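Everything below concerns the one structure shown next.
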Amino acid sequence: MKSSAYRPEIEGLRALAVSAVVLFHFKPEWLEGGFVGVDVFFVISGFLITSIIVRQIDAGTFSFKEFWLRRVRRLFPALAVVLTCSVIAGYLTLFGEQWVSLGSQVVSVLLLIGNIEMWQIANDYWGQSAGDVPLLHTWSLAIEEQFYLFFPLGLVILMKKGSRIVLLALILALLTSLAISIYGTPRSPSAIFYLLPSRGWELLIGSLLGFILVRRSHPFQEMRFSSTAATAGLALIAASFFIIDGSTGFPGYKALFPTVGAGLILAFTDSRRGSCLATRILSFPACTYIGRISYSLYLWHWPLLVYSQWYSIHPVWGVVASLILASLSYHFIEAPFRTNLSLQRYIPFAAILLLTIALPISLGKMPSKGLPSEISFIADPEASTRGREFEAKDLVAEGGNMFGGKAEESPELVVIGSSHARMFGLPFSSYAVETNTRLSMLGCVNLAITNLESATSLARLKHLEKWKPAIVVVAGRWEAEIEEDEGFETSLRTVLKRIASTCQHCIVLSQVPLIETTDLSRQNLKKYLVTEYRRTGSLPLLKELAASKEANRVVASVVESLDLPGLQFLSLSEPLNQDTGIRFIEDSKLLYDDHNHLNNSGAEWVFRQRIRPLLEKLRAENLSDL
3 MKSSAYRPEI EGLRALAVSA VVLFHFKPEW LEGGFVGVDV FFVISGFLIT
53 SIIVRQIDAG TFSFKEFWLR RVRRLFPALA VVLTCSVIAG YLTLFGEQWV
103 SLGSQVVSVL LLIGNIEMWQ IANDYWGQSA GDVPLLHTWS LAIEEQFYLF
153 FPLGLVILMK KGSRIVLLAL ILALLTSLAI SIYGTPRSPS AIFYLLPSRG
203 WELLIGSLLG FILVRRSHPF QEMRFSSTAA TAGLALIAAS FFIIDGSTGF
253 PGYKALFPTV GAGLILAFTD SRRGSCLATR ILSFPACTYI GRISYSLYLW
303 HWPLLVYSQW YSIHPVWGVV ASLILASLSY HFIEAPFRTN LSLQRYIPFA
353 AILLLTIALP ISLGKMPSKG LPSEISFIAD PEASTRGREF EAKDLVAEGG
403 NMFGGKAEES PELVVIGSSH ARMFGLPFSS YAVETNTRLS MLGCVNLAIT
453 NLESATSLAR LKHLEKWKPA IVVVAGRWEA EIEEDEGFET SLRTVLKRIA
503 STCQHCIVLS QVPLIETTDL SRQNLKKYLV TEYRRTGSLP LLKELAASKE
553 ANRVVASVVE SLDLPGLQFL SLSEPLNQDT GIRFIEDSKL LYDDHNHLNN
603 SGAEWVFRQR IRPLLEKLRA ENLSDL
């Protein structure tokens, strides 16, 4: 049986993994595939845990209780401090559903189901909403903790049946989990990313290697090509940082690159049996130190990143601050709690206290100070809702989403366009039901109106030619379409001629005023407003981007130049533009969802101000019984 000894190259591998994750999170452009460092961690974790358990079983000293207590002493103290600081920071900065969500996150972390909670909250790991989840990174800790709960029991049972059975079981479990990951990634990417059954194979790679190395005493390191294999492993991991991204699905087969690379390093390096290039690189003192503080670095960096978004902090300073906090955390929290029995007795009390605080937060029973009362309406969940349910890409062949009127009738009113049409889905559908008008929200997808080459666009036109509706409403983000299409005006003329020929009235809506701000995504609009309020004592003045004004001018001129009966341009700018800038609040309600979309409140308000009066006018004229 191989003796247990310190392997500095494993610390270096940890350093490589955590550094990649931190750099990716603070600035994805620095290392687009840096998130695969987590996969490297999984392999290391499976390797070390299995090695420890097998050695202790062979020595007759293994105890489930002691194993789990050691995991708690190793992982919980630093985690508890990070959770506490995250709650304090959240109390001072978060508001509304963000604050309530933080409470739920803390509870899930304490109950070892953080991966399931983060899956439900953030869904897409690479999506914009992920940046507002302070404890998102704990999903990987939950996977490891769940592995620690179930794996030792299975290993103890199997080892009673012999090494061959253990090896076969590990290989079968690994291949089954890998198959789930590969099959499920394109079909249910979020679940596959966050859950243990589809991630377990990564830990099992390490487990398989750990079992073999303990039982066989260095079967790999003594091979002639061991140095080359270890270097190849390092190259695989490094390449993964640059060639893998999450846009086309992960983990799946792509996770084989960093995990196999990590496996090669664990199998073929051993500083006790000679040195190779990979060992020398990973055993460098700076690498081994970062490896030692890697757990604390991983814990601290993400909450620091999320909360620092409220301020203009350069990513470099974020990385530096993470390293400082990690070093302090390692020396003053992690290390003392591992050896000081008098400190360890406080762990249960800390867990209970955190749970006691987090539960009422998660239930909305404990308000935060994150939002001044005079602008508390910004926390209304309605402020971040818009008509996504009116997405009809998959329903275009069937005629889109239908509302009002009689099911057997052809639509009298049709709305087509991009997400700028879809955001008006709620007021249009309510109007259709109220007036008994047959409405089709037809293919309101993120597709340029002028794109006539797509199957969706062609299907929409065929429906219009078949239905001959009384009114067709066309909406788009014209500023973006102009930027993407050099021949936009010609293309728009062609499209509008075809649409106008199918209906009595074609209403072309202007783009709503585009807010002129920097990096104003949907998720940080409220954050931007609150930050500015804290900084200046008042809400900011939002101005319209010049490009959106110009885009509306271009579209209006195209409509006017066509001079077709029933074709008209309807400006939505008047009710939203004021002398002091864009109107983004009305009746204590936020009107915008992001810098170019209205939320449901805004869409209903603009519909009442501009769109409904025109529809009522057409009804009064008895056009096609509308």
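3 is the number of the first residue of the sequence shown in my numbering; add one for each residue after it.
The beta carbon of each residue, even a glycine, is placed where N, CA and C say it ideally should be.
Note that the structure is predicted; figures quoted are calculated from it, not measured.
Judged by DSSP secondary structure, residue 477 falls within the beta strand (DSSP E) whose first and last residues are 473 to 477. By the CB criterion at 8 Å, residue 561 and residue 380 fall outside the cutoff.
Closest by C-alpha distance to residue 322, out of 499, 257, 302, 334, is 302.
Beyond the five residues adjoining it in sequence on each side, residue 35 comes within less than 7 Å, by CB distance, of 242, 243, 244, 245, 246, 247 in the same chain, given in chain order.
The segment 132 to 141 and the segment 253 to 262 do not touch, with fewer than three beta-carbon pairs separated by less than 8 Å. A check of alpha carbon separations from residue 572 across 163, 596, 514 identifies 514 as the nearest. Inclusion of residue 116 and residue 86 in the CB contact set at 8 Å is not warranted, their separation being larger than that value. Under DSSP, residue 594 takes part in a beta bridge, and its partners are 600. The secondary-structure analysis by DSSP pairs residue 508 across a beta bridge with 474, 569. Bounds of any beta strand (DSSP E) do not take in residue 113, whose DSSP letter is neither H nor E. Distance between residue 355 and residue 265, taken at the CA atoms: about 40 Å. The criterion of a C-beta distance shorter than 8 Å is not satisfied by residue 280 and residue 292.
Taking the CA atoms as reference points, residue 414 sits about 10 Å from residue 438. Its chain contains 541, 542 as the residues whose beta carbon lies nearer than 7 Å to that of residue 534, once the 5 sequence neighbours on both sides are disregarded; these appear in chain order. CA-to-CA, the gap between residue 529 and residue 158 works out to about 51 Å. Here DSSP, grouped into helix, strand and coil, assigns residue 74 to helix. In this structure the segment 421 to 436 lies against the segment 609 to 625, because at least three pairs of beta carbons, one per stretch, are closer than 8 Å. Under the Cβ criterion (8 Å, minimum of three pairs), the segment 196 to 206 counts as touching the segment 174 to 183.
Its Cα nearest to that of residue 74, the residue 144 stands out among 469, 311, 144, 593. Exposed is the label assigned to residue 344, since fewer than 16 other Cβ atoms lie within 10 Å of its Cβ. The beta carbon of residue 453 sits closer than 7 Å to those of 459, all from its chain and outside the five residues before and after it, given in chain order. If you look at residue 442, you'll find it in the beta strand (DSSP E) that goes 441 to 443.
If you draw a 10 Å sphere on the C-beta of residue 252, you find 16 or more other C-beta atoms in it, and that means buried. A straight-line Cα-Cα distance of about 10 Å links residue 210 and residue 175. Rounded to the nearest angstrom, the gap between the Cα atoms of residue 61 and residue 9 is 21 Å. Judged by their CB atoms, residue 56 and residue 217 are nearer to each other than the 8 Å cut-off. Around the Cβ of residue 23, a 10 Å sphere holds 16 or more other Cβ atoms; the residue is buried. For residue 417, the uninterrupted beta strand (DSSP E) segment begins and ends at 415 to 419.
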